[in-house]
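There are 4 protein chains.
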Amino acid sequence: MTLRIGVAGYGYWGPNLVRNFAATPGIDVVGVADLREAAREKVKATYPAIATFEDPSELMKLPDVDAVVIATPVATHHQLAALALDHGKHVLVEKPIARTSAEAEDLVARAKKADRVLMVDHTFLFTGAVQSIAKIARSGDLGRICYFDSMRVNLGLFQPDVNCLWDLAPHDLSIIDYLVDDEIVDLEVSGYCHVDPKRPDMVFLTLHLANNAVAHFNMSWMSPVKVRRFTIGGTSKMLIWDDLDQDQKIKIYDHGIDFQPEDQRSAIIPEYRIGDIYSPRVSRTEALAGVAGHFAGVIAGKETSKMDGEKGLKVVRILELADERLKTSLASLEKQRKAQTGGV
Amino acid sequence: MTLRIGVAGYGYWGPNLVRNFAATPGIDVVGVADLREAAREKVKATYPAIATFEDPSELMKLPDVDAVVIATPVATHHQLAALALDHGKHVLVEKPIARTSAEAEDLVARAKKADRVLMVDHTFLFTGAVQSIAKIARSGDLGRICYFDSMRVNLGLFQPDVNCLWDLAPHDLSIIDYLVDDEIVDLEVSGYCHVDPKRPDMVFLTLHLANNAVAHFNMSWMSPVKVRRFTIGGTSKMLIWDDLDQDQKIKIYDHGIDFQPEDQRSAIIPEYRIGDIYSPRVSRTEALAGVAGHFAGVIAGKETSKMDGEKGLKVVRILELADERLKTSLASLEKQRKAQTGGV
Amino acid sequence: MTLRIGVAGYGYWGPNLVRNFAATPGIDVVGVADLREAAREKVKATYPAIATFEDPSELMKLPDVDAVVIATPVATHHQLAALALDHGKHVLVEKPIARTSAEAEDLVARAKKADRVLMVDHTFLFTGAVQSIAKIARSGDLGRICYFDSMRVNLGLFQPDVNCLWDLAPHDLSIIDYLVDDEIVDLEVSGYCHVDPKRPDMVFLTLHLANNAVAHFNMSWMSPVKVRRFTIGGTSKMLIWDDLDQDQKIKIYDHGIDFQPEDQRSAIIPEYRIGDIYSPRVSRTEALAGVAGHFAGVIAGKETSKMDGEKGLKVVRILELADERLKTSLASLEKQRKAQTGGV
Amino acid sequence: MTLRIGVAGYGYWGPNLVRNFAATPGIDVVGVADLREAAREKVKATYPAIATFEDPSELMKLPDVDAVVIATPVATHHQLAALALDHGKHVLVEKPIARTSAEAEDLVARAKKADRVLMVDHTFLFTGAVQSIAKIARSGDLGRICYFDSMRVNLGLFQPDVNCLWDLAPHDLSIIDYLVDDEIVDLEVSGYCHVDPKRPDMVFLTLHLANNAVAHFNMSWMSPVKVRRFTIGGTSKMLIWDDLDQDQKIKIYDHGIDFQPEDQRSAIIPEYRIGDIYSPRVSRTEALAGVAGHFAGVIAGKETSKMDGEKGLKVVRILELADERLKTSLASLEKQRKAQTGGV
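Shown next, in the form of structure tokens:
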């Protein structure tokens, strides 16, 4: 049986969604909604068979639509996803799933009540790189994971409704959750607003995970060069994922951290094993094709969701807490500057 | 007139100091002190003309010694430097100048009272790279400096008396102070102890400078690869110093951040100029030779000190405050973990 | 007035040609010919308005076609281009223009007789990189060009009708001709057949140019990694173009070769200046769009052809001579191996 | 029993030889000869216990010298090595072993007659990189070796008595001989003289090995950047050795060339396997220490020579033939230029 999909939002990401869903066997894209006439014209030119709508709510009401993909600005995610769920549609929402944890919780509750699939598009989980890393991490080859260190910087486009934290952190947060599925004990955050005093464009976030691991994120829209570098330190091996390295996206270093027994801590000498480097081939398949297939598979009851509403909620909770603390920190800093209290 | 130098400590750095001072015209190394007989034997084998001492205080009392270089463990810096100053010697101390700001202040006071030169060996300031960067930054070519972002990670040797912060941060702190000489309004720090629970081996530090700039440091002894990457963001251009790049240590990107007028902030669009890259030739002279010459020049009254006791004190003040906050943060975290309060 | 184009051949390169010509203002693609039904179906699906033909000669006879683009296998270039010219069409042929210099000469003669534009698609000339390099070379900034050194290797696809020389050399030959437009005094070639004993898959070619410059090409279908590295040595500066470097495609080294006066040659010491590196921004425009515009511009009489039939003939002459010598060399080698004459 | 060594020549390489031999247990350096007083003074300052001589022949006559290391200009190798052998000394000569194959043959004969060890210092064989590569190649992991491709270019120092071929080719020739120990069926060479018309500074050499492999060398003193890149193509895997890559000197690519059966050659499709990359740890021991130990081990009869006089002769034979053909080629080229025969 064919799955009939409607897509709300045909801006930056929408065309990629439509293209990938349309190319997936067993899926038909039957309608696309966008407020802008130009966007709708583009749909018609490329896909004459797809119906277009100005009002996304019309899409939710179509009886021949089984599922809706929401790729509109974040501020509208909750309203549109809620409407779709209430009309009995399955829903895939772009990341982040909502603006607040309250909104996200509400969506999770509605999906449960309606017994529909609610999924958040954490696309990175379906890249060849993250698939390889997950396989390696789960094989135990790295030993116990001790830390994550991510640098995700570039000359960013300023977006109308998010800051650098909400723009860049969801990727790393969903990846780490996918790899270790651990609780966050606490977090520390600092940042800076270079351009718009209300919108941080450099953010540094440290997460402390329950299982004695730490994660640090350097996120910026202000770097002269693009860096996508993600390091995982394990007790047996360490791994670096450089997403811009065409030849060796993933390198596994045969270096680990050997710990001395607890009672010899006074004279601690870590044993580093400096060994070989291994670089597995990484599949180049388009991640979004995997997302489309997974969404269909979960709806059909053949796959377990890797990125359900709960996962999306967990990410939003961390973003929300970090954002709140970041605002407090920036406000306190401004006060200190005004008070001209001098140096430390 | 020849400057007669005594060197206290002939461990890791001492031989480099002796070699460079001995090779500087106008300087004689007349004595070296080290508690270990093996170290003294090494001095004798390489430099038969240099007298050796077990007790460093003997060095301070020699009438024919004009200046003392102190390259002993940090815990002994204050005692030895104070003794030398009190005996009327000029003093060059390895970084950090002392364990605490109180100790550092005391040294600054003693040097003033004795009217002697007190200098801290922030060697990096005399590297070809930092000299080039300072020249570029002072030329105004970068515009106003908005941020520093430093990654200084490797598989580190655990040292007996310092943690990763005291080991790695002095370099970047002295470099930034050299480049902008600004006050620190506030700082934020987080970190982690993977090996020794009393000694952080990954530290993330954010400094807020008075003149609206921010500096972030990622420091680690736990990285599978060595990274020495220092980015400066300016309103006109940005600069990346990769100290491990043999061909292009410094790259200047013709990208800057153009700010819109204050009243148009609501619709802010930063103007990025994506332009050419320029990579100046960096001198390969050994930095320590510059330090030796500078120390002699300042003693002779021919040069103004670039790294006097006050500079060393400023660095120690920041290290002290960051270390204190880091300890508080780690203690609070441990409490939270024990309380098992669950996730955020 | 709109230029009406027909395209013969819709295999690997044809779709790129059609897309770029169709997107160029003032150009209409009116017909596409391909022997394979599947290819014609693809045209119809993507461009319903374009007529399709099985027999390419039909395309040449269409009265409403002004110009024909030929992207068929090399063996058919001469026949199809001759037909098109004889029917009064302007012609753009994929590189190499023909299988032999006799064929190429015949096309040049027919184009002259028919007073039509004959152009060969040396696409690389319209890349941002080659445009930048040409500008730099012509500015005199490099001084006199002394050498070219090109490495163009990868794991290549074996093609049905060409060897590695005919596949890869046209790029470098056309680029060098574009940069210096010099005569070839002599050439030396060697190579090897690893897979098909009749088709060299590694070829090393050295050209001696009239103006005392040398060019060396390392071409291979057998390399585990792709390399596209082109070095130009000048008396004032040297330049490296690494086409796979996303950040710095072109680097200009402030190193040159200073020659001593002729009469001091006995004690020759070249003066190397080791200086700065400069990396200009390279335009990312698609090269084929430039080709389409240029073809139209030349037909309209507004531009002088940068890659006319004569240029294509010059490249084929070199390929032909090199191929002939390569075959002789390989045959002689085989004889030597069979004679088992032992080592040198 | 201690091996007593004399060293003739204390220029560029001599100090490294003395330092490494002096540091090898069981070896004493008893004398050093150099025509230049300054060089002898340097010896005395660093090694007061070593006797110095102006005339190297005095060294050969010392009864308490067991073996002589010859690090003088190439033109003197034969005379000095012959003298040493005739006085019953073992001899280690810097590469190349002599100026001509006749000279080298004579040395081999004298060593045989005198029953002394004659060794040529092909230092590269004792680098961690070549040791690793040899181990991999001999394990059969690469399959049958099909080609070598070496790029060894830099801004070279012009040397008084050699050209670029004699300077750079011995490294690659000795490495390839070490890896496959194959005969050379034929060779092709081309090159260019940019600075001194009698001394090629860019040379391109192709060797055809008996066992159906090919080797290509791109050697130059004229490159703006230093490249040391050596590729080995095998039927199972390929290997790249980049000697300037600090992190991954050796990469093994899981790509090989699968050949089709002979009778299907008409429709040949090579099967490329694009797989993982593996980068073994390379030992950082100083190669010259290995050479010193090996020389002593061979003299003591405990090791079989990896680089005896025959190996040195084999390299010189290839250099001699290549140089002769290069001269012919350059002379013919000059004639053609003078005749102004125009282009090809």
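Residue numbers (our numbering), protein chains in the order written: chain A, 22 to 365; chain B, 22 to 365; chain C, 22 to 365; chain D, 22 to 365.
Glycine included, C-beta positions come from ideal geometry on N, C-alpha and C.
Everything numeric in this text was worked out from a predicted model, so none of it was measured.
Hey, residue i and residue j: beta-carbon distance below 9 Å or not?
i	j	result
Val-89(B)	Ala-29(B)	yes
Leu-113(C)	Val-336(C)	no
Arg-250(C)	Trp-262(C)	yes
Lys-272(A)	Ser-300(A)	yes
Phe-225(D)	Glu-209(C)	yes
What first and last residue would you give for the beta strand (DSSP E) that runs through residue i?
i	result
Val-112(D)	111 to 115
Gly-27(C)	24 to 29
Val-303(A)	Premise fails: Val-303(A) is in no beta strand (DSSP E) and is neither H nor E.
Gly-212(A)	205 to 213
Leu-139(C)	139 to 142
Asp-127(A)	That residue, Asp-127(A), is in no beta strand (DSSP E); its alpha helix (DSSP H) goes 122 to 135.
Val-51(C)	48 to 54
Counting C-beta neighbours from all protein chains within 10 Å, is the total for residue i 16 or more, i.e. buried, or is it exposed?
i	result
Gln-269(C)	buried
Leu-80(A)	buried
Arg-159(C)	exposed
Asp-344(D)	buried
Ala-360(D)	exposed
Lys-258(C)	buried
Thr-23(C)	exposed
Ser-350(B)	buried
Please report how far the alpha carbon of residue i lies from the alpha carbon of residue j, in whole angstroms.
i	j	result
Val-141(B)	Val-53(B)	19 Å
Arg-40(D)	Ala-123(D)	32 Å
Thr-67(C)	Pro-36(C)	10 Å
Ala-317(D)	Ala-310(D)	11 Å
Gly-212(B)	Ala-190(B)	13 Å
Asn-232(D)	Thr-148(B)	52 Å
Leu-385(D)	Val-151(C)	No answer is possible for residue 385(D): the residues shown for chain D start at 22 and end at 365.
Ile-205(A)	Met-172(A)	20 Å
Arg-286(C)	Asn-184(D)	The predicted position of Arg-286(C) is uncertain, since its pLDDT is 39 and thus under 50; no value can be drawn from it.
Met-240(A)	Leu-230(B)	19 Å
Arg-120(D)	His-99(D)	8 Å
Asp-297(A)	His-143(C)	44 Å
Gly-47(A)	Met-223(A)	43 Å
Met-328(A)	Val-138(A)	11 Å
Asp-207(C)	Ile-197(C)	15 Å
Please list the partners that residue i has in chain A, where partner means a Cβ-to-Cβ separation under 8 Å.
i	result
His-237(B)	Ser-211, Met-223, Phe-225, Asn-239
Run through chain B and tell me which residues come within less than 8 Å of residue i, C-beta to C-beta.
i	result
Ser-244(A)	Asp-170, Thr-252, Gly-254, Met-259
From what residue to what residue does the alpha helix (DSSP H) around residue i run?
i	result
Pro-77(C)	77 to 82
Asn-41(C)	35 to 43
Trp-187(C)	185 to 201
Asp-170(C)	Careful: Asp-170(C) lies outside any alpha helix (DSSP H), inside the beta strand (DSSP E) at 166 to 176.
Arg-358(A)	330 to 360
Arg-61(A)	58 to 67
His-98(D)	98 to 107
Along chain G, which residues have their Cβ under 7 Å away from the Cβ of residue i?
i	result
Val-206(D)	Considering every chain present, this structure includes no chain G. Its protein chains are A, B, C and D.
Taking Cβ-Cβ distances shorter than 9 Å, what residues in chain C pair up with residue i?
i	result
Tyr-274(D)	Pro-245, Val-246
Whose Cβ in chain D lies nearer than 8 Å to the Cβ of residue i?
i	result
Asp-268(B)	Val-246
Chain D partners of residue i, CB-CB under 7 Å?
i	result
Pro-301(A)	Asp-297
I want to verify the contact list: residues of chain C whose CB lies under 7 Å from the CB of residue i, in sequence order.
i	result
Leu-186(D)	Within 7 Å Cβ-Cβ: nothing; Leu-186(D) doesn't reach chain C, min ~14 Å.
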